[in-house]
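This report refers to the structure that appears directly beneath it.
Residue numbers (this note's numbering): 792 to 1042.
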């Protein structure tokens, strides 16, 4: 080939894929077998993804103001742009966010799951599947509201806030937690229940057994470690130990 890039290996190390260029054509190669050829000055493939069981393969193709997903060889709907392409942990769902023009000709975003579009919003980000694949959460922006960010879980809108950070599921998939801002204060929301408000809140960490949620919080010049809503001793500074963060699920 004239060029090879975007090399990916399947999660089980049994599959591989890459994008190759030859004679002004671009082709996706999977396990040594060439897929559809594209004219290099028209469609261009990237975002190569294998499902966790290595049985499904998807990628994005792009040209000016047009993008689509190729999922197991089948072409999806064309959108203005596509991002956040991901398979669910059980490999049964392919999700991504896409920009599309609505009836008022405004560009809005939708989450697409197995080809089915969800509700359109001004902006979407932070897609996350629960470990058991039964829940898909993301942050949606509704610019028509004063507090216009909300968490959406399986299409169900939660309470609106001034700002929301990335969601995190507990390892047993029973809890969804995220940081949210109300005015100039931050809270942690766990299954729609709000914590005490703080000036700042750091990354959230679930324990492996899902029984504990920990984070760093600040009030004035003091920092606390908060575990299951109980504040620890106040310190001038609290640092995160890189050695032990692998024991926790974070965001």
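From the three backbone atoms N, C-alpha and C, an ideal C-beta is built for every residue, glycine too. Every value quoted in this text rests on a predicted model; they were computed, and no experiment measured them.
Annotated three-state conformation of residue 972 is strand, per DSSP. Within the DSSP bridge table, the entry for residue 967 names 960 as partners.
Within the stretch 906 to 952, the beta strand (DSSP E) runs of at least 3 residues that lie entirely inside it are, in chain order, 914 to 920, 927 to 932, 940 to 944, 947 to 952.
The beta carbon of residue 919 sits closer than 6 Å to those of 928, 958, all from its chain and outside the five residues before and after it, given in chain order. Beta-bridge pairing by DSSP links residue 796 to 810. DSSP places residue 889 inside the beta strand (DSSP E), whose first and last residues are 885 to 892. When secondary structure is reduced to three states using DSSP, residue 836 falls in the strand class. For residue 981, the CB contacts under 8 Å within the same chain, skipping 5 residues up- and downstream, are 966, 967, 968, 1004 in chain order.
Collapsing the DSSP output to three states places residue 847 in coil. Judged by DSSP in its simplified three-state form, residue 871 adopts coil rather than helix or strand. In this structure, DSSP gives residue 804 a state outside helix and strand, which the three-state scheme calls coil.
Excluding its 5 nearest sequence neighbours in each direction, residue 931 has C-beta neighbours in its own chain below 6 Å: 912, 915, 941, 943, listed in chain order.
Assignment of residue 879 by DSSP, reduced to helix, strand and coil, places it in the coil class.
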